[in-house]
Structure formats: structure tokens, C-alpha cells
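Reminder that position 40 of the sequence shown reads as 222 in my numbering, one-by-one numbering, no gaps. No residue lacks a Cβ here, since even glycine has one placed at the ideal position from N, Cα and C. As the structure is a prediction and not an experimental result, all values here were calculated from the model. The next block holds one structure in the form of C-alpha cells; read it before the comments.
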Amino acid sequence: MVEEESNKSSMNFQDARLGLETRSFDCKNRIMNRDLFQALGGNQHPGIEINLLEAVAQGPCPVSKKGVIYSQVAITVNGVTQKEDVRIRFEQKEGAVVYRFEGSKKLQMSDFGIDPPSPVMGLVRVQDAITIEFDLVVQASYISSVE
Numbered sequence: 183m184v185e186e187e188s189n190k191s192s193m194n195f196q197d198a199r200l201g202l203e204t205r206s207f208d209c210k211n212r213i214m215n216r217d218l219f220q221a222l223g224g225n226q227h228p229g230i231e232i233n234l235l236e237a238v239a240q241g242p243c244p245v246s247k248k249g250v251i252y253s254q255v256a257i258t259v260n261g262v263t264q265k266e267d268v269r270i271r272f273e274q275k276e277g278a279v280v281y282r283f284e285g286s287k288k289l290q291m292s293d294f295g296i297d298p299p300s301p302v303m304g305l306v307r308v309q310d311a312i313t314i315e316f317d318l319v320v321q322a323s324y325i326s327s328v329e
């Protein structure tokens, strides 16, 4: 559900969430996949959840139908939730209610209670900082309420 604030370009969201299974991440190496799954708390918390809380649009440009959205999301990893600000580029596809959203966000694994994995018996150390990149295509539909 989306609530638009009058005279503002911001929207508040309810139940706008994206769930990702930690087992779905693929490092192209079975042992590294296992280490990442364990580091992300996969046994106790098998998913990552991203909840869209608020979005403020800068645009779209009437001609190009492109713009930027400044959003606040709640990211839950390993059972720990952090609020983050994310800048998202968007584009409305020509003649359709199809939107493309793309962006990236740098996070610290330690903020989510995660010790960076150290594969190969500790000979390799993974950095605490990770960058999440996303490219999402969404088809919108409108629901009208009938009273």
C-alpha cells in the first residue's frame, strides 16, 4: 500500500518488501557458497529482507520519463535490521507501466552482526565492506477500491 503525502513528492509504503534466500547466492564455488551462507546466519535466518519505507522522487522528466528516487529502506540480514538511505535511478518504459530501478548501496557486514568469512583456513580474509548492486524491472498495476 502506498500513501502519498499531499503537496509533497514523497510516498510512504506498507508491505513493500523484497525477500531473498541466502542459499540463492552463488559465488561459483561450493565451499565459498557454504561459508557465505554460514556468515549470513543462514541456518537461523535463511533470508534477507528489504522493506521500502519511504521514497521521494526527483523527476521524472516529462520527456525522458527518467529520474532519481531517494528512498529509505529497512534491511534485515542475520536477524538484524538497519535503516539505510538509498539513491535509485528509475526509468519508465515507453508506453507501459513498466519501470526499471537500479542503484547500489555500500554496507558493513559487522553492522549486521556478521564476521566476514575467512575461507581457506583463514589464509584469505574478506573485507567488512560490501556493495549491493541491484537492477529491478517492475510492472505496476492499479487497484481501485469499490465501496
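Item	Value
For ASP267, the first and last residue of its enclosing beta strand (DSSP E)	262–274
Burial state of ALA237, where buried means 16 or more other Cβ atoms lie within 10 Å	buried
Whole-angstrom distance between GLY224 and ILE251, CA atom to CA atom	31 angstroms
Residues near ARG282 in its chain [Cβ-Cβ closer than 6 angstroms; skip 5 each side]	GLU273 and VAL319
Boundaries (first-last residue) of the beta strand (DSSP E) holding PHE283	280–290
Residue closest to ASP293, alpha-carbon to alpha-carbon, out of VAL306, LYS265 and SER286	LYS265
Residue environment, THR204, which counts as buried when at least 16 other CB atoms sit within 10 Å	buried
Identity of the residues DSSP links to LEU234 by a beta bridge	VAL255
Residues bridged to ILE314 [DSSP beta-bridge criterion]	LYS287
ARG216: first and last residue of the uninterrupted alpha helix (DSSP H) it sits in	212–221
Sub-9 angstroms separation of ASP222 and VAL259 beta-carbons	In the sequence on display, residue 222 carries Leu and not Asp. For LEU222 and VAL259, yes; Cβs fall inside 9 angstroms.
Simplified DSSP state of ARG307, which is helix, strand or coil	coil
Distance between beta carbons of ILE314 and LEU289, contact taken as under 8 angstroms	6 angstroms
PRO180 versus GLN309 - alpha carbon distance	Outside the displayed range of the chain (183 to 329) lies residue 180, so it cannot be described from this structure.
Classification of PHE219 by the beta-carbon crowding that lies within 10 angstroms, buried from 16 upward	buried
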